[in-house]
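Chains as they are written, first to last, in this note's numbering: chain U, 69 to 479; chain S, 69 to 479; chain F, 69 to 479; chain W, 69 to 479. Here the structure comes first, spelled out in structure tokens, and everything after it is commentary.
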């Protein structure tokens, strides 16, 4: 569990973990309990390293307050939280909760006003503004508002890898998913030549699927992330992203630009992604070709991918919603992640997963039948941990074992 | 990984975890790193909750000392330890180690002398002494010495569940594996009527496969565990088990009892474990019957089991070496555990595992071919989490999903 | 304050610290508060290093439970505890306390029975049993019971330095205060030749005013301290001192020895402590002579001393009650300590203090008049930190400054 | 010691604490040590709550690195640090230090450039800019540069309480020490009507001697403190104060304003601070009158004050350098503080201290003679803790005791 919750922390997913724990009576008596390791608090301490807030509900008088506080924090900070119920208190009656006072995450209204004014000024005076949408836009449910904002501004829009879900890939203003140096030159030009880059909810990190810090000109970028806005070298604190977008949309000063969208449009380049021809080995680009055919028939299918080659391949697949561990880069995300996505949204996912990751969590697919789920899993089986091999080519231990999943996939 | 290491901690297995970690330069610069969660020390902090000792090797001057210290502690305390190498220091040259000074786990020679005298006195004056061997006897490699001790004493011997490996089940003095109230009455009599119960390396806990505390008469028992010996209500500290056994064996006062072994002998009761007859459903007792047939042909095969029904079934299977998570009770232990056992010892294991546990880690079996392993896996598939159902019969969520492992097993 | 509370922890004095702290609203808002250092919890964290238990009373629902728990722990464990009241909750109404459940410091009745039997057996069979009384006998209020015990046993009694208050120095069985190698030979013989040394509530430590560990023969000693009893190399846990003394007194097996008290009696040797003669400089032994004269007139005056030479001098002064920081060895204890003693007990103290310690806390004496206190302070002014000089004779920085206390003392 | 170091932390004074600690051998053996409380690390843990960085020098191989790092951090962050030497390693030889790499406190040059441009722009366009100098200007040794800056700008200058030392009080541009609502109206006007308030190194806090947050118009203020600059609602991080002042001075855009200094000049109002007349009781204002007479004769004498009334009185005393615990507000600062000041600087201090604070640390004055110090101490003896009484007038426990300091002062 720890790794999944850590992934939620790193990727900013709200999540409430409810766990059992050692009983309060056992604690008081000092009895050894099976599953217990160093101390009665070990489990809680371990989770505290990967959640925003953790509590043991060992006091029926204060339990209600904790139960209100945890999800409030999870939603405001987009992070996992942890509640542990001692096993002898599961049926305890708890005190009536006091009127719940939400967490004191204040909004600096003055900063909100000042930074939206500064952003509007820059959007107005710049010649080539570009909008980059990232994962937090999705977390805060801002998809529609951001389409409106983009259409009002009439600027080109790109997404970060995780921001794919925010903006429709078929929208005429959408130019592609920007990944820094691995992106095609025309897309890089759109982003890197811009004199005003407005990044909404984009995580900057060291992995190539985040926006790499050195591809962006600090002096032209406006980075809105979490509750901070950075413009050139100054920062505004306590300005939540959703409040900022609302304020931009409501401003009479929002510039209505015209005809400023550059002509280039990211697309499936026919030269690269040709269909498979018999005489050659199958390559990822053939798969991409087929999947783009498929997606053109099923434009509403979300794409869920694992890390590594799967993640990179998704960049060239036209899908409006794309989900993957782009920052935390953990393996084994895709299959169970797609099941959760379908259970929660009803959408049928197309899943891209390598053989390495599938060996980790692929068998979870067994639960699909019971819950009426039917994700379409595409297994990219190259019989080794390709990414690890790529980083350290001398390694001779990265072969995966073929059995039993090759057969499983046949079933 | 965390759960496996926690299991090693709880079950007292020495283990050295060597892990990569964030680079020291990244730390100094404060760069976000993928896989990183709350802080650069999060991974180390999490492991510290489940290991005896953990260190980050970020100082080439002191690294050698840590590298010597960790396995020394692991072996002396029979616990896991953790060493983390920052990813930018993997190829660092480290300073010549100073002469290594082993950890200061002192032995109280006076206590050793006094407690062995007291134990010898009690063995001499009691009428029905019984020897109970537990898992730590195995950890300290005392199997042969304990057989010698038992034969010199001519007392009946029983094992705790995890102590099965210590004493040969076919030895005439061996009376069975004692599990408290779930044991057959004659075996309970042997243990519970004894006026001097010498427990060597036995963990006492709340699970039924440990020795339950309330089945033992404190005033007649001598409990030797870790580095402590408890006799009635007093304790001797700093007396390692291996030193104590040596001392008992070397003492001229070790009583040589004669003819005091009671007649009862645990055995496969033919009434209970009949072979399978066509007209009825297959039950665990039929499986036990078959497996005992098999074990009689292969007396040297070790038995590896998972928790739950598998663990309970092993009690009635005659195997000299039996390994399972009897104290920590984690699921998914058996298949990978059996592979490690065969890789380390060369012995071919018989594995007993339920369908629930197999869904967790069963696919690891795919690695057997590469490493030339061939454990024999018996899958007890009752299509549900039976133990969970037993504790909370109202639950209607304990069915397991049949696919794909039913089919896998067929492959 | 920290040092005083740390002293209470080390010397096992029950103490409840009630302190103000930053307000809960300030905490929530993150306002800087004067007196605040690193964080709002800094004060609480600092105190936690020197108390047995510390809590911030920031929840009116649970405050009552904390307020009951703290003094209960202080009295049971003879340690300081800490309660912090946020400054905006001083007048808060708190919830009705639940029925208070005292801390779960269990008593092992079986161990109590077994160890008292073993002690009685040893007292009966030994030839020269000796009773050593220590500070914890005082903390648990066992003075009268220990006199009864000693008179029933008819054994010689010595005290540790801090145990002076427990046993009357004029009692015919009292042989002196034993300090190891610095004690006079006859007293050392009484203690060190004993074949059964019963130490009740004695702290063993590295300072010469504790009982030094290497002067005592482990195999003949019975050490009862805190909640443990150590006999030779085994230990009984969870046996509180007061319960043990009760049990010994009530036992029909308590041996009534006769005529076994050796003839030697610690006393003021006239050769050593002669009165002051004009022609020589005044020395500590002259002061001791005078003070013993004084104490013979005022046998009920308690003696309070500071650390260093004052502490050593008290050994030769006949006083029934003697208080000083014999284990923690902090300076500045005596003057304020004597005021607390008189305020609490009504007894008028004789105080022995050096000039170094007096410079630290001596001015507190100014408060005596208001509270009607009149301790008699004897200031041993040798114009330097003699103990520090003794440990490091090359030091040339241990002179104290004469002014203003020389003059103050004249006032 | 803890309180003094905490004061240094809160007030931003660099300080290196070198302390002895328990020996490494004792630690390894687990011996009880006098002065030790909960654990061998307790002292270190306590100090860690009040210092920026603390280390135990228990490794001769790494000690040199720690010894270089601690003062580097102290000076860069203006905070106390702590080094503990185990008592058995005092004479250990340590390894040759590696080339010392100073702490990675980076400077954001881009931010420095951007914020100095913004500040210069605001200074140029505003009509009534005012400079407020605070304690950190003093800590970074910027006095001369700030006088130059003020003279170039030709703006009025006020100081925060602790900023008194930075700017000469007799300088024609100096307008007084601003304390918010307790300041005289003309001074308040200068500060509060300014349309560009440049605060250099000023701590904002809840005590009246800091600048109170609600007296300042955020939208007109530029706050430079520690390593941050806040302008209206945005912040620049990693911009050290000294670097910023240098940059402003070197800029060709620094505006040279003329004749914009308002006419009002803070001064000793003759109506308020009349000399003492026989028939009335002596009041603080009479003392201020006398001290201003005195200071006019000795303009170079620094003023050192304690907290409370002494601190408030200093506002009306013309002194170029004034030192006191204006933020942390601890009592007992003045007498030992003045001694340190004279020892370090050679300047003879005038000290203002109340009777309450003098009772705490006044006796330290005894050390003056040895070190050739002669601070002039003015004791404001109103026989009670006036500030405490002021906050809670119902208290009847705030009287101080007259003896012995009234007499001491006579000596």
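Even for Gly, the Cβ is constructed at its ideal location relative to N, Cα and C.
**Request:** For residue 69 (chain S), count neighbouring Cβ atoms within 10 angstroms of its own Cβ and tell me buried if that reaches 16, exposed if not.
**Result:** Residue 69 (chain S) sits at position 1 when you count from the first residue of the second chain. That one is exposed.
**For residue 80 (chain S), the three-state DSSP class (helix, strand or coil)** = Here residue 80 (chain S) is taken as the residue at index 12 of the second chain, counted from 1. DSSP places residue 80 (chain S) in coil when its eight states are reduced to three.
**Prompt:** Any idea which residues DSSP pairs residue 152 (chain F) with across the strands?
**Reply:** Numbered from 1 along the third chain, position 84 holds the residue referred to as residue 152 (chain F). The partner list for residue 152 (chain F) (beta bridge, DSSP) reads F:87, F:124.
**Prompt:** Could you give the residue range of the alpha helix (DSSP H) that holds residue 354 (chain F)?
**Reply:** Your numbering for residue 354 (chain F) matches position 286 in the third chain. First-last of the alpha helix (DSSP H) with residue 354 (chain F): 352 to 365.
**Prompt:** When we look at the beta-carbon of residue 190 (chain W) and count the other beta-carbons within 10 Å, is it buried (16 or more) or exposed?
**Reply:** Here the question's residue 190 (chain W) lines up with position 122 in the fourth chain. Buried, by the Cβ-count rule.
**Request:** Find the residues of chain S that neighbour residue 427 (chain U), judging by a C-beta separation of less than 8 Å, and give them in chain order.
**Result:** Position 359 of the first chain, counting from 1, holds the residue named residue 427 (chain U). Neighbours of residue 427 (chain U) on chain S, chain order: 431, 434.
**Request:** Would you kindly report the start and end of the unbroken beta strand (DSSP E) that includes residue 243 (chain S)?
**Result:** If you number the second chain from 1, residue 243 (chain S) lands on position 175. Residues 242 to 245.
**Message:** From the DSSP secondary-structure annotation, give me the bridge partner or partners of residue 293 (chain U).
**Reply:** Taking the first chain and counting its residues from 1, the one referred to as residue 293 (chain U) is at position 225. Partner(s): U:296.
**Request:** Say whether the segment 212 to 219 of chain F touches the segment 249 to 259 of chain F, bearing in mind that this needs 3 or more beta-carbon pairs closer than 8 Å, one atom from each stretch.
**Result:** no
**Asked** What separation, rounded to the nearest whole angstrom, lies between the Cα atoms of residue 323 (chain F) and residue 72 (chain W)?
**Response** In the third chain, the residue the question calls residue 323 (chain F) occupies position 255. In the fourth chain, the residue the question calls residue 72 (chain W) occupies position 4. If you take the alpha carbons of residue 323 (chain F) and residue 72 (chain W), they lie about 58 Å apart.
**Contacting residues, own chain, Cβ-Cβ under 6 Å from residue 146 (chain W) (five flanking each side not counted)** = Indexing the fourth chain from 1 puts residue 146 (chain W) at position 78. The residues are 80, 82, 207.
**Request:** Enumerate in chain order the residues of its own chain whose CB-to-CB distance from residue 192 (chain W) is below 6 Å, with the five nearest sequence positions on each side excluded.
**Result:** Position 124 of the fourth chain holds residue 192 (chain W). Excluding positions up to five away in sequence, the list reads 323.
**Asked** Can you list the residues of chain U that residue 127 (chain F) reaches, using a CB-CB cut of under 7 Å?
**Response** Walking along the third chain from the start, residue 127 (chain F) turns up at place 59. The answer, in chain order, is 130.
**Item:** DSSP state of residue 422 (chain F) mapped onto helix, strand, coil
**Value:** Residue mapping note: residue 422 (chain F) aligns to position 354 of the third chain, counting from 1. Residue 422 (chain F): strand per DSSP, three-state reduction.
**Asked** residue 77 (chain S) CB to nearest chain U CB: under 8 Å?
**Response** Counting from 1 along the second chain, the entry for residue 77 (chain S) is found at position 9. Yes, residue 77 (chain S) counts as interfacial toward chain U.
**Prompt:** Which residues, in chain order, does the segment 300 to 311 of chain U contribute to contact with chain W at a C-beta distance below 8 Å?
**Reply:** 300, 301, 302, 303, 304, 305
**Request:** Tell me residue 452 (chain U)'s beta-bridge partners as DSSP assigns them.
**Result:** To locate residue 452 (chain U), count along the first chain from 1; it is residue 384. BP columns for residue 452 (chain U) point to U:467.
**Rounded separation between residue 106 (chain F) and residue 148 (chain W) - CA only** = The count along the third chain starts at 1 and reaches residue 106 (chain F) at position 38. The count along the fourth chain starts at 1 and reaches residue 148 (chain W) at position 80. Cα to Cα, residue 106 (chain F) sits roughly 12 Å from residue 148 (chain W).
**Request:** Check each residue of the segment 178 to 212 of chain F: if its Cβ is closer than 9 Å to any Cβ of chain S, include it; give the result in chain order.
**Result:** 178, 179, 180, 181, 182, 183, 186
**Request:** Could you tell me whether the Cβ of residue 70 (chain W) comes closer than 8 Å to any Cβ of chain F?
**Result:** Sequence index remark: in the fourth chain, residue 70 (chain W) carries index 2 (1-based). Chain F, which has a Cβ nearer than 8 Å to the Cβ of residue 70 (chain W), makes this yes.
**Request:** Check whether the segment 373 to 381 of chain F touches the segment 398 to 405 of chain F, counting contact only when three or more Cβ pairs, one atom from each stretch, lie closer than 8 Å.
**Result:** yes
**Message:** For the pair the segment 362 to 372 of chain W and the segment 414 to 423 of chain W, tell me if three or more CB-CB distances fall below 8 Å.
**Reply:** yes
**Within-8 Å CB hit, residue 155 (chain W) to chain F** = As a working mapping, residue 155 (chain W) is identified with position 87 in the fourth chain. No - not a single Cβ of chain F is within 8 Å of the one on residue 155 (chain W).
**Item:** Inter-residue CB distance, residue 448 (chain W) and residue 378 (chain W) (contact presumed, cutoff 8 Å)
**Value:** Your numbering for residue 448 (chain W) matches position 380 in the fourth chain. Your numbering for residue 378 (chain W) matches position 310 in the fourth chain. That pair is a contact at about 6 Å.
**Message:** Just to confirm the assignment: which complete alpha helix (DSSP H) runs, minimum length 4, are found wholly within the segment 222 to 269 of chain W?
**Reply:** 253 to 260
**Prompt:** Quick one: Cα of residue 321 (chain S) to Cα of residue 198 (chain S), how far?
**Reply:** In the second chain, counting from the first residue as 1, residue 321 (chain S) sits at position 253. In the second chain, counting from the first residue as 1, residue 198 (chain S) sits at position 130. Straight-line Cα distance between these residues: approximately 18 Å.
**Message:** Using 8 Å as the threshold, is the C-beta distance between residue 314 (chain U) and residue 304 (chain U) below it?
**Reply:** Position 246 of the first chain holds residue 314 (chain U). Position 236 of the first chain holds residue 304 (chain U). Result no, Cβ atoms of residue 314 (chain U) and residue 304 (chain U) do not sit closer than 8 Å.
**Prompt:** Looking only at its own chain, which residues have a Cβ that is under 6 Å from the Cβ of residue 150 (chain S), when we skip the five neighbours before and after it?
**Reply:** One-based indexing of the second chain puts residue 150 (chain S) at position 82. Result list for residue 150 (chain S): 85, 115, 119, 122, in chain order.
**Item:** Check whether residue 271 (chain U) and residue 395 (chain U) have beta carbons under 8 Å apart
**Value:** The count along the first chain starts at 1 and reaches residue 271 (chain U) at position 203. The count along the first chain starts at 1 and reaches residue 395 (chain U) at position 327. Yes. Within cutoff.
**Prompt:** Could you give the residue range of the alpha helix (DSSP H) that holds residue 305 (chain S)?
**Reply:** By one-based count along the second chain, residue 305 (chain S) stands at place 237. Element bounds for residue 305 (chain S): n/a, residue is neither H nor E.
**Request:** Check the DSSP bridge columns for residue 482 (chain F) and list the partner residues they point to.
**Result:** No answer is possible for residue 482 (chain F): it lies beyond the span of chain F, which begins at 69 and ends at 479.
**Item:** Min CB distance residue 176 (chain U) to chain W below 8 Å
**Value:** Residue 176 (chain U) sits at position 108 when you count from the first residue of the first chain. It does: the Cβ of residue 176 (chain U) has a partner Cβ on chain W nearer than 8 Å.
**Asked** Among W:362, W:392, W:195, which one has its Cα closest to the Cα of residue 203 (chain W)?
**Response** Walking along the fourth chain from the start, residue 203 (chain W) turns up at place 135. Among W:362, W:392, W:195, the Cα nearest to that of residue 203 (chain W) belongs to W:392.
**Request:** Have a look at W:311, W:355, W:127 and flag the residue whose alpha-carbon is nearest the alpha-carbon of residue 154 (chain W).
**Result:** In the fourth chain, the residue the question calls residue 154 (chain W) occupies position 86. For residue 154 (chain W), the nearest C-alpha among the options comes from W:127.
**Prompt:** Hey, how far is the Cα of residue 294 (chain S) from the Cα of residue 308 (chain S)?
**Reply:** Numbered from its first residue, the second chain carries residue 294 (chain S) at position 226. Numbered from its first residue, the second chain carries residue 308 (chain S) at position 240. Rounded to whole angstroms, residue 294 (chain S) to residue 308 (chain S) spans 7 Å at the Cα level.
**Message:** I want to see whether chain F comes within less than 8 Å of residue 438 (chain W), judged by CB atoms only; does it?
**Reply:** To locate residue 438 (chain W), count along the fourth chain from 1; it is residue 370. So, interface residue.
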